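Worksheet for the structure shown next.
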Amino acid sequence: MERLDILSMDMEELNNYIVSIGEKKFRAAQIYEWLHVKLASSFSDMSNLSKNLREVLERDCIIRMPRILEMYESKIDGTRKYLFGLYDGCVIESVLMKYKHGNSVCISSQVGCRMGCRFCASTIDGLERNLTPSEMIGQIYMIQKDIGERVSNIVVMGSGEPFDNYDNLIRFIGLITSEKGLNISSRNITVSTCGLVPNIIRFADEKLQVTLAISLHAPNDEKRREIMPVANKYSIDEILKACHYFYDKTKRRITFEYSLIEHVNDSKEEALALAKLLQKLNCHVNLIPVNPIKERDYKHSKEEYIMKFKRILEDNKVNVTIRREMGADINAACGQLRRSYIKEQKE
Ligand code: SAH
679 MERLDILSMD
689 MEELNNYIVS
699 IGEKKFRAAQ
709 IYEWLHVKLA
719 SSFSDMSNLS
729 KNLREVLERD
739 CIIRMPRILE
749 MYESKIDGTR
759 KYLFGLYDGC
769 VIESVLMKYK
779 HGNSVCISSQ
789 VGCRMGCRFC
799 ASTIDGLERN
809 LTPSEMIGQI
819 YMIQKDIGER
829 VSNIVVMGSG
839 EPFDNYDNLI
849 RFIGLITSEK
859 GLNISSRNIT
869 VSTCGLVPNI
879 IRFADEKLQV
889 TLAISLHAPN
899 DEKRREIMPV
909 ANKYSIDEIL
919 KACHYFYDKT
929 KRRITFEYSL
939 IEHVNDSKEE
949 ALALAKLLQK
959 LNCHVNLIPV
969 NPIKERDYKH
979 SKEEYIMKFK
989 RILEDNKVNV
999 TIRREMGADI
1009 NAACGQLRRS
1019 YIKEQKE
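Using this note's numbering, you'd call the opening residue of the sequence shown number 679 and step up by one each time.
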């Protein structure tokens, strides 16, 4: 029998399981606290449970906490990149960013990705598998344990497409915002998607106070299709309609990510077209100089072009910031670290 993924269970499921093995309900609350507050990674740590119960848990359940394989810390700003190993040998990466307002962790939502964005390293070998809620939450728990400080912000912006792993994403958000767990405010969570329209709508209907970020990267469908295969499935028009719906339901300002690639999507005309698209929406644009990956010959836009692009948006009353890369000395685009690690292991 496959063991139960206990770290993915919510309080109610844990209650039901505990009762089913003939234990008292309050044991479930103790176990939940061990897992989600004390961040225990083994049942033997759970010192207020009987030896017998710990043995039953050991037999029935698995704590799917990722293991730290490698960690790189930036000497410039303290940013840390973590490489994690999962129970089945899969490898994922996460990033810790230290800001004045608190610690922020960028987590992966899948092993690999099947969206195929041309500039992204995570998608080159396709999708390996979905991450379980426990593996998503485990990235945060392991980092919090490693630094001995609270993590207060989460961005689901690492490898993978969160809306391609929808049910596990929703379960993960439930666990991480639970008052009985780390109790992270949903306002401090951002979920980034390449624009899977039906799930943007579903997400709006969940009425969570989570920030939605849309990876747009082009102001028209033609250009978008060149760099993002998902654009063959959903048009910008459909995405924006879904964004308006999300805003109506949640009143949360939407973020648009736009990675600037030299001579691909960084012209004046494209800046103007983007401004026109977004004018009627309460939103914010994050310009990201593209992080070149060695498998493709994309370069990031020149500083002058980045500033010009930004100014055009500002002149057209669109909120905009430039996202400067953190941890420049441990520079590795999303998914690069994992790829180089896997390559090393094979050689
Ligand atoms: N699949 C989701 C979340 C993961 S990607 C999404 O598409 O939003 C997180 C963000 O990083 C996306 O905006 C993505 O387009 C961007 N990104 C990926 N590779 C990049 C690179 N090499 N340089 C700059 N941005 C990149």
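Each residue gets a CB set at the ideal place from its N, CA and C atoms; glycine is no exception. Owing to the predicted nature of the structure, the values given are computational and were not obtained by experimental measurement.
Here's the rule: buried if 16 or more other CB atoms are within 10 angstroms of the residue's CB, otherwise exposed. What is residue i?
i       : result
Met679  : exposed
Asn781  : buried
Phe704  : exposed
Ser800  : buried
Asn861  : exposed
Lys759  : buried
Asn866  : buried
Glu948  : buried
His779  : exposed
Arg902  : buried
Ile854  : buried
Arg1017 : buried
Val697  : exposed
Thr999  : exposed
Ser725  : exposed
Pro897  : buried
Gln957  : exposed
Pro967  : buried
Tyr819  : buried
Pro876  : exposed
Ser722  : exposed
Gln887  : exposed
Gln1023 : exposed
CB of residue i to nearest heavy atom of the ligand SAH: below 8 angstroms?
i       : result
Ile966  : yes
Ser893  : yes
Ile914  : no
Cys791  : yes
Phe987  : no
Met1004 : no
Lys840  : A quick correction: the sequence has Pro, not Lys, at residue 840. Correct: Pro840 has its Cβ closer than 8 angstroms to the ligand SAH.
Val942  : no
Met814  : no
Pro970  : yes
Cys872  : yes
Gly700  : no
Ser800  : yes
Cys795  : yes
Glu935  : yes
Val715  : no
Ser837  : yes
Val834  : yes
Gly1013 : yes
Ser787  : yes
Can you tell me the Cβ-Cβ gap for residue i and residue j, rounded? I've got them flagged as a contact below 8 angstroms.
i       : j      : result
Asp944  : Ile754 : Actually they are not in contact, since the Cβ atoms of Asp944 and Ile754 sit about 26 angstroms apart, beyond 8 angstroms.
Ile905  : Phe797 : 6 angstroms
Ser786  : Leu805 : So it is not a contact: roughly 12 angstroms between Cβ atoms.
Glu940  : Lys980 : 7 angstroms
Gly816  : Glu771 : So it is not a contact: roughly 13 angstroms between Cβ atoms.
Met743  : Ser719 : 5 angstroms
Leu774  : Ile825 : 7 angstroms
Gly859  : Val715 : 6 angstroms
Glu935  : Ser870 : 7 angstroms
Glu1003 : Asn969 : 7 angstroms
State the DSSP-derived secondary structure class of residue i, mapped to helix, strand or coil.
i       : result
Leu809  : coil
Pro840  : helix
Lys919  : helix
Ala1006 : helix
Tyr745  : At residue 745 the sequence reads Arg, which differs from the Tyr that was named. The answer is strand: DSSP assigns Arg745 an E or B state.
Leu1027 : A question about residue 1027 goes unanswered here, because the residues of the chain that appear run from 679 up to 1025.
Glu904  : helix
Glu981  : helix
Leu735  : helix
Thr871  : strand
Val996  : coil
Glu771  : strand
Leu1015 : helix
Ala799  : coil
Asp824  : helix
Ser722  : helix
Gln887  : coil
Glu1022 : helix
Gln957  : coil
Ser752  : coil
Examine the ligand HEM and report whether any of its heavy atoms sits within less than 8 angstroms of the Cβ of residue i.
i      : result
Lys776 : Although the ligand HEM was asked about, the structure shown includes only the ligand SAH as ligands.
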